[in-house]
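J.: Going letter by letter, the sequence shown gives residues 281 to 475 in my numbering.
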Amino acid sequence: MMINLSERKRLEALPSINNLIPTINFSRKLELRTTSERPRILSVGIGRDALQEYSSFRLAFRDYDGISFLGMDNDPEAVLKSRNEISGLGQVLLFDGTEIDEDFGDFDMVILRHPNCETLGGRDSWGKIFNNLKSVTHNGSLVVGTHFCFRGGVYLARGLEIPGFNIKYAGINPYSGLQIDKRSKLDKYLVVARK
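So this is what it looks like as structure tokens:
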């Protein structure tokens, strides 16, 4: 079932709907490789943006019969807010991403919004997460990450290369200036990788 016109208008009317759509449209040019009628999307470190991310993906993948959306974060307050926002639409777990394993299933796309992989402590934690993403993605899965700055983006790209993800694009986020969400305008670096 494709997204109907009234649902599309409702999604487009959300104040921050443009937050991820340009990034997703960019990654769709690489072709989402899925055999499912409902692409499975994982957002690691979702924070307080669950409704915004779910809405963006639902609209971006409107040609599919819905999406299966899972967000996770280790901040209890952020998880509670996100759970309340997308109740009935997707799931948000209070979970440490370093413990992701094959029990979560297989995802078609993974989103990493500005991980702190450039700090010493963050490098270790995110290194584990990047490595563990191999067990929840299939050949052809996309990993899309954004970062605040060039330096952090370089660490993000390198962190994904180490466990074997193939970097398709790493550079200036050509869409950040178009986004109406002020925080997203800070995401100046974009990394798109494929397993």
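Each residue gets a CB set at the ideal place from its N, CA and C atoms; glycine is no exception.
(1) Would you decide whether S421 is buried or exposed? Buried here means 16 or more other CB atoms lie within 10 Å of its CB.
(2) Nearest to C397 by alpha carbon, out of F387, P454, R431 and G444?
(3) Taking the alpha-carbon positions, what's the E441 to I447 distance?
(4) Determine the DSSP secondary structure at R393, reduced to helix, strand or coil.
(5) Distance check for G385 and S316, CA to CA, integer angstroms please.
(6) For I366 versus V372, is the C-beta distance shorter than 8 Å?
(7) With K361 as the anchor, note down where its alpha helix (DSSP H) starts and where it stops.
(8) Per DSSP, what kind of secondary structure is F349 in: helix, strand or coil?
(9) Taking Cβ positions, are S362 and I326 nearer each other than 8 Å?
T.: The structure says:
(1) buried
(2) Measuring from the Cα of C397, the nearest candidate turns out to be R431.
(3) 7 Å
(4) In this structure, R393 counts as strand in the three-state DSSP scheme.
(5) 13 Å
(6) Their beta carbons are under 8 Å apart, which means I366 touches V372 by this criterion.
(7) P356 to E365
(8) strand
(9) yes
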